[in-house]
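Worksheet: one structure, shown below.
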Amino acid sequence: ILFEGQLAWTVLFRDLSERKNAELVFRQSEESFRALIEKSPDGILVHRGNQISYANPAFLRLAGYERVEEVVGQPWNFHLPPEEYQGVRDRINALSDPEAYNPPIERQVKRKDGTIIPVESLSFNIHVNNEKLAVGVIRDLSEKKETERALKRSEESFRNLIERAPDAIMIHTIELTLYVNPAFLKMTGYENPSELVGKSWHLLTPPDVRESIKNRVSQLVDISSANPPVERRILKKNGETVPVEVASFSI
Numbered sequence: 013i014l015f016e017g018q019l020a021w022t023v024l025f026r027d028l029s030e031r032k033n034a035e036l037v038f039r040q041s042e043e044s045f046r047a048l049i050e051k052s053p054d055g056i057l058v059h060r061g062n063q064i065s066y067a068n069p070a071f072l073r074l075a076g077y078e079r080v081e082e083v084v085g086q087p088w089n090f091h092l093p094p095e096e097y098q099g100v101r102d103r104i105n106a107l108s109d110p111e112a113y114n115p116p117i118e119r120q121v122k123r124k125d126g127t128i129i130p131v132e133s134l135s136f137n138i139h140v141n142n143e144k145l146a147v148g149v150i151r152d153l154s155e156k157k158e159t160e161r162a163l164k165r166s167e168e169s170f171r172n173l174i175e176r177a178p179d180a181i182m183i184h185t186i187e188l189t190l191y192v193n194p195a196f197l198k199m200t201g202y203e204n205p206s207e208l209v210g211k212s213w214h215l216l217t218p219p220d221v222r223e224s225i226k227n228r229v230s231q232l233v234d235i236s237s238a239n240p241p242v243e244r245r246i247l248k249k250n251g252e253t254v255p256v257e258v259a260s261f262s263i
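With the first letter of the sequence shown counted as 1, position 192 gets the number 204 in the numbering used here; the numbers rise by one all the way through.
Spelled out as structure tokens, the structure:
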């Protein structure tokens with residue numbers, strides 16, 4: 013152009029500070045998000061359409077894979093036993109709403125070696141570059157389930173022990189009887205636990221010793237408390253008293 017009689021060029025300048033700052037914040041946000049899911053103790057899968065587009069290290073460990081390339085590109089159901097297909101597909105379809113969220117539910121996952129493990133999974137949507145992706149978070153429940161089985165076995169062993177014990181055993185709260193074993197029924201002349209369970213244990217104590225028994229019960233303040241053996245009398249169903257030696261402790 014001519015400017016004041018001289019040939020000149022027009023140069024336009026646009027301040028990009030705000031844009032560059034926004035790009036920096038976005039990049040830092042992406043890096044923080046990736047660091048978060050890379051270090052997550054829970055397995056994380058990202059679905060793009062019907063394929064897996066990302067798997068974090070925790071998922072690889074959970075499912076028995078060594079390289080992420082073994083997982084990325086696989087169909088959405090590659091890690092599921094067939095009986096889980098429909099249920100998981102229904103949950104994926106439920107994510108059609110951009111704000112949809114599937115709460116935790118127990119499922120099964122098939123590992124690379126074919127073994128089946130129990131898991132808890134939840135899923136939700138994220139948006140990356142205007143694209144909607146489904147994210148699944150998977151928690152291995154194997155250890156929890158084994159702990160539950162061990163606890164159940166322990167409870168069953170404890171019940172078998174006290175059911176067969178030759179000594180009379182009662183379990184009670186401050187006021188109510190919760191359990192009596194067969195030896196206790198035999199000793200007191202009762203035929204059925206329902207005659208005692210849910211009722212006050214005072215039913216079994218002569219009036220003149222109730223206060224001293226209350227005092228012993230009140231001393232069982234924590235799980236490690238125990239009362240040493242002491243001689244007492246208890247009431248049988250027919251009203252007779254029987255001399256006994258009693259020891260008590262908290263469970």
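Just so you know, even glycine gets a beta-carbon here, dropped at the ideal spot from N, CA and C.
Every value quoted in this text rests on a predicted model; they were computed, and no experiment measured them.
Checklist entry - DSSP on phenylalanine 71, reduced to helix/strand/coil? => result As a working note, residue 71 is residue 59 in the sequence shown. Three-state DSSP puts phenylalanine 71 in a helix.
Checklist entry - Near isoleucine 150, what residues of its chain come up, given a Cβ to Cβ distance below 6 Å and the 5 sequence neighbours on each side ignored? => result Taking the first residue of the sequence shown as 1, we reach residue 150 at position 138. Excluding its 5 nearest sequence neighbours in each direction, isoleucine 150 has C-beta neighbours in its own chain below 6 Å: Gly55, Val131 and Ser133, listed in chain order.
Checklist entry - Mapping DSSP to helix, strand and coil, what is asparagine 239? => result Taking the first residue of the sequence shown as 1, we reach residue 239 at position 227. Here asparagine 239 sits in strand by DSSP.
Checklist entry - How many angstroms separate the CA atom of threonine 159 from the CA atom of valine 221? => result Translated into positions along the sequence shown, residue 159 becomes position 147. Translated into positions along the sequence shown, residue 221 becomes position 209. Separation of threonine 159 and valine 221 (C-alpha to C-alpha, rounded to the nearest whole angstrom) is 43 Å.
Item to check | Residue closest to lysine 51, alpha-carbon to alpha-carbon, out of Phe71, Gly61, Val58 and Arg60 | outcome: The residue you call residue 51 lines up with position 39 of the sequence shown. Comparing Cα positions, the closest option is Phe71.
Checklist entry - So what's leucine 145 in DSSP terms, helix, strand or just coil? => result Taking the first residue of the sequence shown as position 1, residue 145 is located at position 133. Strand at leucine 145.
Next on the checklist: Taking CB distances under 9 Å as the criterion, tell me whether arginine 161 reaches chain D.
Outcome noted: Among the chains in the structure shown there is no chain D, since it carries only a single protein chain.
Item to check | CB contact flag (alanine 162, proline 178, <9 Å) | outcome: By one-based count along the sequence shown, residue 162 stands at place 150. By one-based count along the sequence shown, residue 178 stands at place 166. Contact: no.
Checklist entry - Does the separation of the CB atoms of leucine 153 and glutamate 96 fall below 9 Å? => result Along the sequence shown, one-based indexing puts residue 153 at 141. Along the sequence shown, one-based indexing puts residue 96 at 84. Contact flag unset, no.
Next on the checklist: Short of 7 Å in beta carbon distance, which residues of its chain neighbour alanine 106, apart from the five on each side in sequence? Order them along the chain.
Outcome noted: Against the sequence shown, residue 106 aligns to sequence position 94. Within the same chain, alanine 106 has close Cβ partners Ala112 and Asn114.
Checklist entry - Exposed or buried, which one is glycine 126 when buried takes at least 16 other CB atoms within 10 Å? => result Indexing the sequence shown from 1 puts residue 126 at position 114. So glycine 126 ends up on the exposed side.
Checklist entry - For histidine 214, which option in Lys198, Glu167, Asn193 and Ile186 has the closest C-alpha, if you only look at C-alpha atoms? => result Taking the sequence shown and counting its residues from 1, the one referred to as residue 214 is at position 202. Looking only at Lys198, Glu167, Asn193 and Ile186, the smallest Cα-Cα distance to histidine 214 is reached by Ile186.
Checklist entry - Can you tell me where the beta strand (DSSP E) with glutamine 120 in it begins and where it stops? => result Residue numbering aside, residue 120 sits at position 108 when the sequence shown is read from its first letter. Start and end: 113-122.
Checklist entry - Taking C-alpha atoms, which residue in Lys211, Asn137 and Arg123 lies nearest to valine 58? => result The residue you call residue 58 lines up with position 46 of the sequence shown. Nearest in C-alpha terms to valine 58, of all of Lys211, Asn137 and Arg123, is Asn137.
Next on the checklist: On the CB-based measure, 16 or more other CB atoms within 10 Å of its CB, does serine 108 come out buried or exposed?
Outcome noted: Position 96 of the sequence shown holds residue 108. A residue is called buried once 16 or more other Cβ atoms fall within 10 Å of its Cβ, and serine 108, having fewer, is exposed.
Checklist entry - Does the Cβ-Cβ distance between valine 258 and arginine 244 come in under 9 Å? => result The count along the sequence shown starts at 1 and reaches residue 258 at position 246. The count along the sequence shown starts at 1 and reaches residue 244 at position 232. Taking 9 Å as the Cβ cut-off, valine 258 and arginine 244 qualify as a contacting pair.
Checklist entry - Buried or exposed: which applies to glutamate 35, given that a residue is buried once 16 or more other Cβ atoms fall within 10 Å of its Cβ? => result Mapped onto the sequence shown, residue 35 falls at position 23. Unreliable placement is indicated for glutamate 35, whose pLDDT of 49 sits below 50; the coordinate value is still reported in the next sentence. Under the 10 Å beta carbon count, glutamate 35 is surrounded by fewer than 16 other beta carbons and is classified as exposed.
Item to check | Cross-strand partners of proline 219 (DSSP beta bridge) | outcome: Indexing the sequence shown from 1 puts residue 219 at position 207. Bridge partners of proline 219: none, in fact.
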